[in-house]
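Sequences listed follow chains D and Z, in order.
Mapping to full-length UniProt numbering: the first sequence position 164 is 164, numbers consecutive.
Mapping to full-length UniProt numbering: the second sequence position 155 is 155, numbers consecutive.
Protein chains: 2
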Amino acid sequence: MREAALALFAQHGYAAVSMRRIAQEVGVQAGALYNYTPDKQSLLFDLMQGHMDDLLNARSQEPVCTSALARLEAFSRFHIRFHLERPQAVFISYMELRNLTPRNFAVIEDLRRRYEGELETILRDGRDIGAFHVADTKITTLAIIAMLNGVNTWYRSGGRLSLPEVEAIYWDMVRKAVT
Amino acid sequence: MREAALALFAQHGYAAVSMRRIAQEVGVQAGALYNYTPDKQSLLFDLMQGHMDDLLNARSQEPVCTSALARLEAFSRFHIRFHLERPQAVFISYMELRNLTPRNFAVIEDLRRRYEGELETILRDGRDIGAFHVADTKITTLAIIAMLNGVNTWYRSGGRLSLPEVEAIYWDMVRKAVT
DNA sequence: GTCTATAGATTGATAGAC
DNA sequence: GTCTATCAATCTATAGAC
Chain D
1 MREAALALFA QHGYAAVSMR RIAQEVGVQA GALYNYTPDK QSLLFDLMQG
51 HMDDLLNARS QEPVCTSALA RLEAFSRFHI RFHLERPQAV FISYMELRNL
101 TPRNFAVIED LRRRYEGELE TILRDGRDIG AFHVADTKIT TLAIIAMLNG
151 VNTWYRSGGR LSLPEVEAIY WDMVRKAVT
Chain Z
1 MREAALALFA QHGYAAVSMR RIAQEVGVQA GALYNYTPDK QSLLFDLMQG
51 HMDDLLNARS QEPVCTSALA RLEAFSRFHI RFHLERPQAV FISYMELRNL
101 TPRNFAVIED LRRRYEGELE TILRDGRDIG AFHVADTKIT TLAIIAMLNG
151 VNTWYRSGGR LSLPEVEAIY WDMVRKAVT
C-alpha cells in the first residue's frame, strides 16, 4: 500500500489521488486499505516521516571525516546519492508539506531542520577555522541544499552522466562556492 | 478571480481548491466564475502562462551587459528580484506542473526552457572566452537556477536581510562556483 | 482481513430565471 | 452577468457479511 501510494502521490499529488485509486494499484477494494492505515492523512505522514527517518539514519551511519573540506565533500556526495536513490519520496516530502495537518507538519519540519543543521555545523566549523569563506552559514546551508536537490529534477539513471560524474560536478561547484 | 485562485492554489494546491472556494473568496457564487474561465484547468494554465510570459518579458527588458561576469551578475540579480516579487506565482508554476494537461504542460515547459536557455548562453559564451570554468553548461545552468530559486523558500521581506544583501550573498556564491 | 454496500459530503460544470 | 438549483460523478470513511 505504501509503495503504491508513494508512486501515485508523486505522480499526481496527494489531493488528486483517491483511496480507490491506491486500492486499485494494490489489487484490493478501497475498504481493505483501512486495515493498514487509519486514514489518508496518516498514510501521507507515514511516508514522509519514514523518508526523513531514513535520511537521518543513513546520514548518521556515514563515516566521520576530519578535515572541513572532507566533511563537506562527504555531505554533498551523500546528499546527492541518497536523494537520487528515492526520487519519489524526495518529491513527496517537499511537495506535499502543505497537505499535512499542522501537527504532522511540525514533526516533519523538525526532522528537516535537524538534517539541515548537520550541514550548517560543517559550514560553521569550517568557517571558524578559516577553511571556508561564507557570508552567512544559514543561507549558504539552504543554498547548497537547494542546489543539490536540483539534481532530482533532471537526473535519469542510464543518461549521459554517471552518478560519480554528477557527484563530482556538484561537489566542484559546492567547494568553489564556499572557499 | 485570478488573484484569488493564485493565492488559494499556492496555499492549498490546485487539486485541493474547489471552484466554490475561489468564488467565496471573490464574493460571488461558483457558477459566476464560468463567465471568466471555461473551466478550472484553463484557470490554472492561464496563471502559469501569464507568469512565464511576465518572466520572459521582464528579462528581455533588462539592460544588456557586455562582459561575461556582468551578464551573469545581471541575470542572477534579476532572477532573485523577479522571483521574490511574486512568490505565489513562482510556487504554482513549479508545484502544479503535474496538474496541467499534456498539451498545456508542453507550452509551459517550452517557456521554461527558453528562460533557462538565456542563462546557458551566458555560461557557454563565458566559458568559450575563458571567463568561466564550468564542467557542463547545461547542468551548471540547472544548478544555479535551483540555488537561486531556493531563496523563495526562506526569504520574507522585513526579515534579517534586505533584498540587496540577499542578492549580494547569492551572487557571490554563483560567481565563485563558475570561476 | 477482504468483500459489498452505502452513508454523507463535496466536486466541476450546466441550465434557466432574472 | 449573477443568481439559485441541480446533475452526475466522486470522495473519505464506515458497517456488517463472510
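No residue lacks a Cβ here, since even glycine has one placed at the ideal position from N, Cα and C.
Only a predicted model underlies this, so the values are computations on that prediction, with no experimental measurement involved.
Secondary structure at E165/D: helix, using DSSP grouped into helix, strand and coil.
Taken in chain order, no unbroken stretch of beta strand (DSSP E) lies wholly in the UniProt domain "HTH tetR-type" (1-55) of chain Z with a span of 3 residues or more. Below the 7 Å Cβ cutoff, chain D contributes L142, A143 and A146 as neighbours of G150/Z, in chain order.
Y170/Z reaches chain D at A143, counting residues in chain order whose Cβ is nearer than 7 Å. In this structure, I129/D keeps its C-beta atom at 8 Å or more from the C-beta atom of A10/D. Contacts with chain D (Cβ-Cβ distance below 9 Å) from the region 111-145 of chain Z involve H133, V134, A135, D136, K138, I139, T140, L142, A143, I144 and I145, listed in chain order.
Here the region 48-59 of chain Z lies against the region 104-123 of chain Z, with 3 or more beta-carbon pairs under 8 Å apart. Closest option to V107/Z, judged by alpha-carbon separation, among E3/Z, D172/Z and Q49/Z: Q49/Z. Against K40/D, chain Z offers no close residue; the least beta-carbon distance is about 12 Å (beta-carbon pairs closer than 9 Å). Between R81/D and L163/D a beta carbon distance of about 7 Å is seen, short of the 8 Å cut, so the two are scored as contacting. Taking 9 Å as the Cβ-Cβ cut-off, the region 96-107 of chain Z approaches chain D at E96, R98 and N99, given in chain order. Chain D has a Cβ within less than 8 Å of the Cβ of G13/Z.
For M173/Z, the nearest beta carbon of chain D is closer than 8 Å to its own beta carbon. Under the Cβ distance rule, T66/Z does not count among the residues neighbouring chain D, no pair being separated by less than 8 Å. Below the 7 Å Cβ cutoff, chain Z contributes M173, K176 and A177 as neighbours of A177/D, in chain order.
Take T101/Z, set aside five residues on each side of it, and the residues of its chain with a beta-carbon closer than 7 Å to its own are Q41, in chain order. The beta-carbon of T153/Z is placed less than 8 Å from the nearest beta-carbon of chain D.
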